[in-house]
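A short worksheet on the structure shown next.
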Amino acid sequence: MPDKTLFKYTLVLCLTALLAFPEASAQFGNTYYHMFGVPQANQLNPAFQPQCDGYFGLPFVGPIRFEVESNGLQYGDIFQYNSSLKKNISFMHPEGNKQNFMNALEPVNTVRAELASNIISIGWRREQLFFTVDFTERMIESTSFPKDFAEFLVYGNLNQNNFNFSDLSQNLMYFHEFAVGASYNFDDEMQFGIRAKLLLGGASSTTRTSDINLKTSIDEWSVKSNVKVDATIPFLEDLPVDQDGYLDVDSLANTDFNLLFGFPTSIPELLSPSSLSTIGGIKNPGFAIDFGFNYLPIEKLNISASVIDLGFIRWKEYVYNFEQDLDYTFDGLEFKLEDDWSPGDGLLDSLQNDLQVKVTEEKFTTTLSAKVYLGVAYDLTERVRFGGVFRTRIYNYQFYNQFTVSANVMPISMFSMSLSYSYYGNSYMNLGLGLSLRLGPLNVYFISDQAPSSYFWPSEFSSLNFRLGVNIVWGCRALPKAMKDRPLID
Amino acid sequence: MSLRRFLPFLFIISIFLAAISCNDDWLKSEYDTTILWEGGIEGPVIFGKLGLKDLLEEFDSTGYVSEDSTGLLYGAYSKDTVLRAPDLLQLPDQDFIQFFFRVDTSIPGWVLGNIGDTISFNQEEGFEFKRTGDERIDSVHVKSGTMSIYVRSSIKHEGILTLSSDHIKIGGEEYHEVISISDPSGMYEETINMDIAGSTIILDNSVPDSTSIHLNAEFALINSGADILSSEEVQVINSFRNLEFSAVYGYIGAYDSVIIDRAELEFELLQGNFEGRIKLADPQISIRTDNNMGVPFAVELRDLEAHFQDGTGTPITIDTSANPIKFGAPDISQVGESVKDSTFINNTNSDIHLAATSDLKSFQYSVRVIANPDGPRNNFILENSKLSISVEGLIPLDLRMEDVVLGDTFDFELGSDPDSDFSSDDVKYMMMQIETDNGMPIDLGIQVYFIDTTQNWLRLDSLFGADRDIFESGVIDANGRVIQKTKKVTKVEMTRTQIDNALDANKILFKAFIETSEGGTRDVKFYGNYSLDFKLGTRIELSYTIEPDQGN
Chain A
256 MPDKTLFKYT LVLCLTALLA FPEASAQFGN TYYHMFGVPQ ANQLNPAFQP
306 QCDGYFGLPF VGPIRFEVES NGLQYGDIFQ YNSSLKKNIS FMHPEGNKQN
356 FMNALEPVNT VRAELASNII SIGWRREQLF FTVDFTERMI ESTSFPKDFA
406 EFLVYGNLNQ NNFNFSDLSQ NLMYFHEFAV GASYNFDDEM QFGIRAKLLL
456 GGASSTTRTS DINLKTSIDE WSVKSNVKVD ATIPFLEDLP VDQDGYLDVD
506 SLANTDFNLL FGFPTSIPEL LSPSSLSTIG GIKNPGFAID FGFNYLPIEK
556 LNISASVIDL GFIRWKEYVY NFEQDLDYTF DGLEFKLEDD WSPGDGLLDS
606 LQNDLQVKVT EEKFTTTLSA KVYLGVAYDL TERVRFGGVF RTRIYNYQFY
656 NQFTVSANVM PISMFSMSLS YSYYGNSYMN LGLGLSLRLG PLNVYFISDQ
706 APSSYFWPSE FSSLNFRLGV NIVWGCRALP KAMKDRPLID
Chain B
1087 MSLRRFLPFL FIISIFLAAI SCNDDWLKSE YDTTILWEGG IEGPVIFGKL
1137 GLKDLLEEFD STGYVSEDST GLLYGAYSKD TVLRAPDLLQ LPDQDFIQFF
1187 FRVDTSIPGW VLGNIGDTIS FNQEEGFEFK RTGDERIDSV HVKSGTMSIY
1237 VRSSIKHEGI LTLSSDHIKI GGEEYHEVIS ISDPSGMYEE TINMDIAGST
1287 IILDNSVPDS TSIHLNAEFA LINSGADILS SEEVQVINSF RNLEFSAVYG
1337 YIGAYDSVII DRAELEFELL QGNFEGRIKL ADPQISIRTD NNMGVPFAVE
1387 LRDLEAHFQD GTGTPITIDT SANPIKFGAP DISQVGESVK DSTFINNTNS
1437 DIHLAATSDL KSFQYSVRVI ANPDGPRNNF ILENSKLSIS VEGLIPLDLR
1487 MEDVVLGDTF DFELGSDPDS DFSSDDVKYM MMQIETDNGM PIDLGIQVYF
1537 IDTTQNWLRL DSLFGADRDI FESGVIDANG RVIQKTKKVT KVEMTRTQID
1587 NALDANKILF KAFIETSEGG TRDVKFYGNY SLDFKLGTRI ELSYTIEPDQ
1637 GN
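See below:
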């Protein structure tokens, strides 16, 4: 296949994927996919080999990354600058625009956040192989709410009587990730990399089913709901349940768990083998794999692809499955001709009887949100590279896409920079920036796909991410290692 | 290192700097977190089923609302009195003085024979048993009491005195007592007290107009050789003291007494704070007895008058055939059981209908009780026997009401919480929906007034404006009984002024305008299963501003 044809096919593939899922997209850190001077770029594509022969990331910042993203709402839908007040006001402000907020909502709106910090991040080259070892603390949280939920909060049942609160959910996953990877360089034309990850689950909360419907009228409000949540709550033992297996709310309120954020408060208890096993997530194992390639079909052109976070965690310790099945109708407070009539008590008793939560302790599995990257880059010069990356994240059987183009420069070997533009969903105003500085063995980089645009066009930004890395590097080349450029690079 | 390497970098930096310099309003500006909630809530608020019986019991704190076997409700106001056995019969103390041994002329000692000889004297005598009336008691079972025997001997001989009686049985045995007079000095004197609880005294009524008890005495004199002077004697006195019975058999006498004198039965149900007229179709008085005395009684209702709210009264005449009335009693085979009986004074045997107006306040009455009204007969009374007499004023809820207005006030302080920033201006619209299912035989008009007590109970406004909302009565049949409920849905949109006034009020006056079906022109019956079902829903639209410093 001629090189140019391959290039065209690659472009077509990227654009087709991009257009195929225009409605479902989200933002993720793409800027540093093609950036110079970032050792941990291989976290997006395990085939990538850094310019240096080795690196050692400083604990907790080698690197640390934070991402928050919304699939529908943008900052401008929530806050706007009011020139007459000279203040930023929310959509709920008397001068705000509630309808604009409501129009901006998707049928289901998700806010997702992820925090990851590398405790260990080491990479080294051995001939054609580049090895990596990472130990990362990761926490992923996502909250979804349907448009009807916002409608109810903002307007009550002024405009509509029936509300579908299905997909109201909250998911949280905290786990440790121990990853070992290797990338092999095939004659500088092709690099293939793979990384195996052992996942050790710490805590989780997963909404399996959220089917909630509310019908309102002046005569009655009725709610039908079926909610199932699987959770792993470390150190929470003997959750009080009655003989029928329902959560005993009264006992729960009086239970002294002697825990602080889920952890024992006494040091001996905390350091016991059992506690350490729980903290280490040994009994909640999982596995994930990353793999990818980087191919140089023609001189100066790179085509790459990767799949990362393809994996799962099997939760087995401190697991609880909560199921709540409610069919409740509120006709009003029942008036009774009694001296000690207390309508609130009657309502609470009624709710408590109907709002029963079944508790079981069945093991369950959660999957990671896998991502697929397709990249193409063109090296204009040895120090200037233009790249394009298409990425899709698969979550709950939906695809969240992002397309990023970037201009990457390394004017001097100790400094590199990247400017990117991303498009995802209906968000077009996304400028990203990456800066990397290498002072001797010290490498520091800061990358964000959103920070500049969120400043330039605050009303347009719907997500924010940054990645900060501090590494000790060695064996670095003055110029990027251009494959098939053997005369220049040893 | 050439300058060309930096050109892309410089280009990017210059773009950033240019952009930063012209778009920093939002970054520098403060956030105003004022929130204006302009939503609305429409939903149910309260519902209930006002059962007629529950309502009446709430309204009538004495709680004497009941229903008869057909479910018809009636108010019953009663006063009870009890006639106990001691009220009917009391046993007086008894003293039987027996001059047992006395001689008219002195007897020389030698006439009595040899010294040491025994000379016997016997005597049987009946003594009159004291009574308080014309009772003729056959036997008395003694619960408690004392029999005293006083013996005094002034003769100068020793002797043995034996007392007995088959009219006194102690422990099932005839009374038998031996007393030794061991002092021949002529100064002998002794008193013997006996607890006779559990004993039985049998009385002799064989002689007309007389009740007696028989005692026997035998005196064995042991001759000392001394003379017996005419002034000397052996005296025996039998006494019964503090007699209380556990049972008495026989005719207990004629008892005739006014045990209740001009008592008053007040009808709270008819004394509520209401206007209008209630005309009762069938007011009644009942007399109920519960008798476990073996004594028949007659009860006479006297001085019967209906008293009205204005202080006037009217006498009520009862047919002589119904007053006095005799009540049953247990017979000898029913000892320990009670017999219940009752009679009614109504419009068939009296002119009690004269009392049938809403002004009725009370009935005045006296009660006379006559025992054995048919003359002497065998009775029995146990120590705990009693006759309970209950006089009840009955108001069957078979009536007609016309222009009756009930009213009550309640605290209502939605807008007067000084800590709340909520004001009437925050309420943009308010609508209430009242849904009723009227199963009562009354047309019910409702009005709610918003009151400001700080302005001398000024009526600021009303909920239904000049009109009151009418909930029509249930459909009634020819007997005045509801056979179908009447449903109504009323929507009340409150005006701006009404909302303001409602929030300015600190009390609400709730008024109910009541008329029985067909304009109060016919009698209707109220049954215990009648109810008024109601449901209140509301739609309220707010425009409520929450300032950022609130809650600090």
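If you're matching them up, the sequences are chains A and B in order.
Going letter by letter, the first sequence gives residues 256 to 745 in the working numbering.
Going letter by letter, the second sequence gives residues 1087 to 1638 in the working numbering.
For every residue, glycine included, the Cβ atom is placed at its ideal position computed from N, Cα and C.
For Asp-1586/B, no beta strand (DSSP E) run applies; the uninterrupted alpha helix (DSSP H) run containing it begins and ends at 1582 to 1590, by DSSP. Scanning its chain for C-beta atoms nearer than 6 angstroms, with the 5 sequence neighbours on each side dropped, one finds around Glu-1350/B the residues Ser-1448 and Gln-1450, in chain order. Chain B places a beta carbon closer than 8 angstroms to that of Gly-411/A, counting this residue as a contact. Note on Phe-1413/B: 16 or more other CB atoms within 10 angstroms of its CB, so buried under the neighbour-count rule. When Glu-617/A, Asp-564/A and Glu-475/A are compared, the shortest CA-CA separation from Ala-625/A is found for Asp-564/A. A distance below 8 angstroms separates the beta carbons of His-1300/B and Gly-1212/B. Neighbours of Thr-1119/B across chain A, judged by C-beta separation under 7 angstroms: Ser-345. In this structure, the straight-line span from the alpha carbon of Ile-1346/B to that of Tyr-1535/B is close to 47 angstroms. Nearest CB-CB separation between Pro-349/A and chain B: below the 8 angstroms threshold. Cβ neighbours of Glu-1469/B within its own chain (closer than 8 angstroms, five residues either side excluded): Ala-1171, Lys-1229, Glu-1330, Phe-1331, Ser-1332 and Ala-1333.
Pairwise C-beta distances place the region 485 to 500 of chain A out of contact with the region 634 to 649 of chain A, as fewer than three of them are shorter than 8 angstroms. The C-beta of Glu-1499/B comes no closer than 8 angstroms to any C-beta of chain A. The beta-carbon distance between Asn-285/A and Gln-657/A, rounded to whole angstroms, is 6 angstroms. This is short enough to meet the 8 angstroms contact definition. Annotation: His-1393/B to Gly-1614/B spans about 28 angstroms, alpha carbon to alpha carbon. By the neighbour-count definition (other C-beta atoms within 10 Å, threshold 16), Glu-324/A is a buried residue.
Closer than 8 angstroms at the C-beta level to chain B, one finds these residues of the region 466 to 480 of chain A: Thr-471, Ser-472, Ile-473, Asp-474, Glu-475 and Trp-476.
With three or more CB-CB distances shorter than 8 angstroms, the region 603 to 621 of chain A counts as touching the region 569 to 588 of chain A.
Non-local C-beta neighbours of Val-1513/B in its own chain, meaning closer than 7 angstroms and more than five positions away in sequence, comprise Ile-1585, Ile-1626 and Leu-1628, ordered along the chain. In this chain, the alpha helix (DSSP H) harbouring Gln-354/A covers 353 to 359. For Gly-643/A, the pairing in a beta bridge is given by DSSP as Val-631/A and Val-660/A. With a threshold of 8 angstroms between beta carbons, Gly-587/A makes contact with chain B.
The C-beta of Phe-420/A comes no closer than 8 angstroms to any C-beta of chain B.
Taken in chain order, the members of the region 1125 to 1158 of chain B whose beta-carbon sits within less than 9 angstroms of a beta-carbon on chain A are Gly-1125, Gly-1126, Ile-1127, Glu-1128, Gly-1129, Pro-1130, Val-1131, Ile-1132, Phe-1133, Gly-1134, Lys-1135, Leu-1136, Gly-1137, Asp-1140, Leu-1141, Glu-1143 and Glu-1144. Listed in chain order, the positions of the region 589 to 612 of chain A with a beta carbon within less than 8 angstroms of a beta carbon of chain B are Glu-589, Phe-590, Lys-591, Leu-592 and Pro-598. At a C-beta separation below 8 angstroms, Leu-1122/B has these neighbours in chain A: Met-347, His-348, Pro-349 and Gly-351. Contact with chain A is found for Thr-1631/B, since one of that chain's Cβ atoms lies less than 8 angstroms from the residue's Cβ. Counting C-beta atoms within 10 angstroms of its own C-beta, Tyr-683/A has fewer than 16 neighbours from the protein chains shown and is therefore classed as exposed. Going by C-alpha positions, Ala-1340/B is about 35 angstroms away from Phe-1353/B. Between the alpha carbons of Ile-1600/B and Asn-1435/B lies a distance of about 32 angstroms. For Leu-603/A, the enclosing alpha helix (DSSP H) starts and ends at 598 to 609. A Cβ of chain B is located within less than 8 angstroms of the beta carbon of Tyr-336/A. For the 8 angstroms CB-CB criterion, Ile-1373/B and Val-1477/B form a contact. For Ala-1408/B, the secondary structure class from DSSP, reduced to helix, strand or coil, is helix. According to the DSSP assignment, Asn-509/A belongs to the alpha helix (DSSP H) that extends over 504 to 509. The Cβ atoms of Leu-1138/B and Met-1526/B sit closer than 8 angstroms to each other.
For Ser-1152/B, the uninterrupted beta strand (DSSP E) run begins and ends at 1151 to 1153, by DSSP.
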